[in-house]
Amino acid sequence: MTRLWDKGASLDARVLDYTAGEDHALDERLVPYDVRASIAHAEMLAAEHARGEWHIELADEDGQTALERHLTARCGAAGARIHLGRSRNDQVLAALRLYLRDAVALLRAGALEVAVALETLAAREPHTALPGYTHMQQAMPSSVPLWAQGFAAEIRDDAAGLEAVLRRIDRSPLGSAAGYGTPGLPLDREDTRVRLGFASVQEPVTAVQLSRGKAEAQLLFEITLLLQDLGRFAADVLLYATWEFGFIVLPEAFTTGSSIMPQKKNPDVFELIRGRSATAQACLLEALAVCAKLPSGYQRDLQLLKFPLFRGIDLALATLDILPSAITALEFRSAAIRLDPGIHAAEEANRLVVAEGIPFREAYRRVAAKLRK
Numbered sequence: 207m208t209r210l211w212d213k214g215a216s217l218d219a220r221v222l223d224y225t226a227g228e229d230h231a232l233d234e235r236l237v238p239y240d241v242r243a244s245i246a247h248a249e250m251l252a253a254e255h256a257r258g259e260w261h262i263e264l265a266d267e268d269g270q271t272a273l274e275r276h277l278t279a280r281c282g283a284a285g286a287r288i289h290l291g292r293s294r295n296d297q298v299l300a301a302l303r304l305y306l307r308d309a310v311a312l313l314r315a316g317a318l319e320v321a322v323a324l325e326t327l328a329a330r331e332p333h334t335a336l337p338g339y340t341h342m343q344q345a346m347p348s349s350v351p352l353w354a355q356g357f358a359a360e361i362r363d364d365a366a367g368l369e370a371v372l373r374r375i376d377r378s379p380l381g382s383a384a385g386y387g388t389p390g391l392p393l394d395r396e397d398t399r400v401r402l403g404f405a406s407v408q409e410p411v412t413a414v415q416l417s418r419g420k421a422e423a424q425l426l427f428e429i430t431l432l433l434q435d436l437g438r439f440a441a442d443v444l445l446y447a448t449w450e451f452g453f454i455v456l457p458e459a460f461t462t463g464s465s466i467m468p469q470k471k472n473p474d475v476f477e478l479i480r481g482r483s484a485t486a487q488a489c490l491l492e493a494l495a496v497c498a499k500l501p502s503g504y505q506r507d508l509q510l511l512k513f514p515l516f517r518g519i520d521l522a523l524a525t526l527d528i529l530p531s532a533i534t535a536l537e538f539r540s541a542a543i544r545l546d547p548g549i550h551a552a553e554e555a556n557r558l559v560v561a562e563g564i565p566f567r568e569a570y571r572r573v574a575a576k577l578r579k
């Protein structure tokens with residue numbers, strides 16, 4: 207197939223395969239956003255054309271995308287005008303940022319659903335005691351509400367962190383073209399900003415390509431923090447569900463069996479949740495490394511951001527989708543939860559300080575001596 211931007215000889219198939227990579231598959235999710243950006247761009251051009259501010263010169267056309275080819279095939283010359291004042295660089299980035307706005311909204315909503323499920327669990331088990339651990343030893347008394355609400359609070363904080371990424375996402379790149387604006391064609395960048403609902407126009411035009419990778423990496427960073435919190439929660443569940451602890455009974459719907467041991471009920475879902483933060487961190491490091499030493503202006507390396515970005519978003523959404531139901535199905539066995547008799551030692555020392563007015567270290571020594579006996 208001859209591309210609209212080919213300069214003569216057909217591109218070597220190996221070059222196409224290497225340079226395109228997985229872009230044709232990854233970009234499937236961006237098509238509706240590219241369409242929205244194209245419509246906004248076309249409406250802006252139409253308004254300016256109606257005012258006589260520019261005229262089409264077919265010799266200057268530089269149609270570059272499958273979307274433009276389809277549009278031209280259906281609409282003729284009207285479709286061919288869509289690329290005036292636009293490069294694939296700002297076109298793709300506009301679609302990506304529109305997609306990321308939606309992705310952030312989905313991730314934030316998913317995180318809040320997990321937080322609600324944890325808060326519901328806390329309300330369902332108001333009197334179930336748990337040991338609080340430090341150094342993997344029982345340290346102080348806790349409870350299911352304290353345990354679940356602690357995770358819920360941090361996951362709500364993660365949701366706020368995800369929303370904060372919008373500061374970098376919510377800027378319109380349209381009109382920056384290949385990174386240096388549109389000489390000879392004074393576009394109305396504010397018009398497309400309004401039509402697409404971006405918070406601001408990104409200025410100056412040379413900042414647009416320099417900003418590539420920042421929003422992507424920030425989003426992957428927040429996803430990593432979120433999945434680390436979910437992983438730590440899953441690690442507790444896995445520990446509490448062991449035969450030795452027996453604090454929790456896992457629902458059969460969220461476990462699998464063994465191919466050789468008939469008695470096994472394996473907590474695969476929680477094990478995979480525990481492991482997902484490693485993948486998220488790898489996606490973050492890949493995104494950071496792609497942009498680390500690029501010169502200014504557009505570079506083809508930036509194409510490589512999409513794979514770790516989309517992978518990180520997808521695994522986070524999949525994890526958030528399954529976890530609320532898994533949390534709802536957890537069953538605590540309060541009769542199996544045993545607290546170390548010494549777990550109230552710190553509380554006893556505090557009471558001595560209040561009752562007798564002695565220094566805390568003296569109270570600490572008295573309680574320690576009592577426990578040794």
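Per the working numbering: the sequence shown = residues 207 to 579. Don't be surprised by glycine CBs; every beta carbon is placed ideally from N, CA and C.
Within a 10 Å sphere around the beta-carbon of N295 sit 16 or more other beta-carbons, which makes this residue buried. Comparing alpha carbon positions, the residue from Q408, A300, A366 and I466 closest to L402 is A300. Within 10 angstroms of the beta-carbon of L352 lie fewer than 16 other beta-carbons, which makes it exposed. The Cβ-Cβ distance between R418 and I375 does not fall below 8 Å. In this chain, T430 is not harboured by any beta strand (DSSP E); it is covered by the alpha helix (DSSP H) spanning K420 to Y446. If you draw a straight line from the Cα of F516 to the Cα of Q509, it is about 12 Å long.
For T340, the enclosing beta strand (DSSP E) covers residues A335 to T340. Between A524 and F476, the gap from beta carbon to beta carbon reaches 8 Å or more. Here T461 has K471, N472, P473, D474 and V475 as same chain residues with Cβ atoms under 8 Å from its own Cβ, once five neighbours each way along the sequence are excluded. A check of alpha carbon separations from A488 across E458, I519 and S502 identifies I519 as the nearest. Under the three-state reduction of DSSP, R377 is assigned to strand. For S349, the uninterrupted beta strand (DSSP E) segment begins and ends at Q343 to S349. Of all C-beta pairs linking the region 476-486 to the region 438-453, three or more are shorter than 8 Å, placing the two stretches in contact. Secondary structure at S540: helix, using DSSP grouped into helix, strand and coil. The Cβ atoms of L304 and Y239 lie closer than 8 Å to each other.
Using a Cβ distance threshold of 8 Å, A522 and A493 do not count as a contacting pair. With fewer than 16 other beta carbons inside 10 angstroms of its own, I466 counts as exposed. Taking Y504 as the centre and dropping the five residues before and after it, the same chain places the C-beta of N295, A384, G385 and Q415 closer than 7 Å to its C-beta, in chain order. In the DSSP annotation of this structure, the continuous segment of the alpha helix (DSSP H) that includes D520 starts and ends at K512 to T534. If you draw a straight line from the Cα of Q355 to the Cα of Y570, it is about 30 Å long. Under a 10 Å Cβ-count criterion, P514 is classified as buried, with 16 or more other Cβ atoms of the shown protein chains found around its own Cβ. In this structure E422 is not in contact with L336, their Cβ atoms being roughly 39 Å apart against a cut-off of 8 Å. With respect to F566, V559 sits close: the two C-beta atoms are nearer than 8 Å. According to the DSSP assignment, Y305 belongs to the alpha helix (DSSP H) that extends over R294 to R330. Ranked by Cα distance from P547, the first of P347, L425 and T430 is P347. Taking each of L433, A246 and A323 in turn and checking the Cα distance to T534, the smallest one comes out for A323. A check of alpha carbon separations from L433 across L393, L368 and R399 identifies L368 as the nearest. Closest by C-alpha distance to R539, out of P392, V455, S244 and D363, is V455.
In this structure, DSSP gives V455 an extended state, which the three-state scheme calls strand. Using a Cβ distance threshold of 8 Å, L327 and L536 count as a contacting pair. Of the other Cβ atoms in all chains shown, fewer than 16 fall within 10 Å of the Cβ of G563; this residue is therefore exposed.
Taking the Cα of A555 as reference, the smallest distance to any Cα among R544, K576, A541 and L545 is reached at K576. Of the other Cβ atoms in all chains shown, 16 or more fall within 10 Å of the Cβ of D435; this residue is therefore buried. Across the structure, R377 and D397 are spaced so that their CA atoms are roughly 13 Å apart.
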